[in-house]
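Per our numbering, the sequence shown starts with residue 26, numbered consecutively.
Just so you know, even glycine gets a beta-carbon here, dropped at the ideal spot from N, CA and C.
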Amino acid sequence: MPRERDPGTVRCVRLDDGPVRRGTWWRNTSRFRTTGLWYELLVREPFRLVFRGENKTVTALDDLRFADKGQATRLTYRAPLISKGLARLAAPFLRGEFERLADGVAHRLPTAAQARPS
């Protein structure tokens, strides 16, 4: 689902076979500065998914939590980015670009989640 939920994703390829489980890996290519991240599924629980994406300049944690609200589901999505090395110096100047990407995800994620089969 990464590409459907994230307008900043150009391509996302799963790197292993079998059922999606803790430890499953993907290679994600982002529109943002055409960077690539290696993503691993850290947590797969009935009401929570956590992915860690990493490359030499950044670590991203995507934490999705689902709460039953009667006939609806509340989705809470947090995705902090931690800059590494010299990229930490550029982080304040890139904040606006990160926020625009986050706004795109917030807009598309509910629709992408509804479109997924149970």
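- Under the three-state reduction of DSSP output, Ala92 falls in the strand class.
- Contact annotation, Gly61 with Asn53: C-beta distance approximately 7 Å; criterion of less than 8 Å satisfied.
- Check the Cα spacing between Arg47 and each of Leu74, Pro105, Leu89: the tightest is with Leu74.
- Looking only at Asp87, Phe91, Gly78, the smallest Cα-Cα distance to Phe72 is reached by Phe91.
- Arg69: member of the beta strand (DSSP E) spanning 61-70, first to last residue.
- With contacts defined by Cβ atoms closer than 8 Å, Cys37 and Trp51 form a contacting pair.
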